[in-house]
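Enquirer: Residue numbers (the working numbering): -16 to 113.
(1) Can you check whether the CB of residue 71 is closer than 7 Å to the CB of residue 36?
(2) Would you identify the three-state DSSP class for residue 43, choosing helix, strand or coil?
(3) Using 10 angstroms around the beta-carbon of residue 26, count the other beta-carbons present and answer buried if the total reaches 16, otherwise exposed.
(4) Comparing C-alpha positions only, which one of 46, 89 and 28 sits nearest to residue 1?
(5) Any idea if residue 85 is buried or exposed, counting beta-carbon neighbours within 10 angstroms, 16 or more meaning buried?
(6) Taking the alpha-carbon positions, what's the residue 14 to residue 7 distance?
(7) Counting only runs that start and end within the segment 25 to 82, where is the alpha helix (DSSP H) found for 4 or more residues in a row?
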């Protein structure tokens, strides 16, 4: 993978930092798994997948720059490194919905949308752990 220096910079993380990234992602995933509110499930599942991406980048000695479009680049990286080409379009739609919810006054997430995202994030987490 070619590293986009506009979005990532080289950085050496400690083992403890890497473990903390993974634990933080797992904690968000647990919240999503144990809640019944679709908005909570959606928000925490999305946060978990972004944090998993940060973890994967950190394992590659890359640090995310906080610039416009960095979530898209994180999702793109996840799809490439885990060979999830089918999921990238879906995750990008999720990212746009999350932005709409955050920046355009909010939207209502359905239980089906939340559960679909949760399943994809669980699949990604399983691939990351293997």
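Note that the Cβ used here is the ideal one computed from N, Cα and C, for glycine as well.
Expert: Taking the coordinates as given:
(1) no
(2) coil
(3) buried
(4) Scanning 46, 89 and 28 for the CA closest to the CA of residue 1 turns up 46.
(5) Residue environment for residue 85: exposed (fewer than 16 other C-beta atoms within 10 angstroms of its C-beta).
(6) Rounded to whole angstroms, residue 14 to residue 7 spans 11 Å at the Cα level.
(7) The qualifying runs are 53 to 64.
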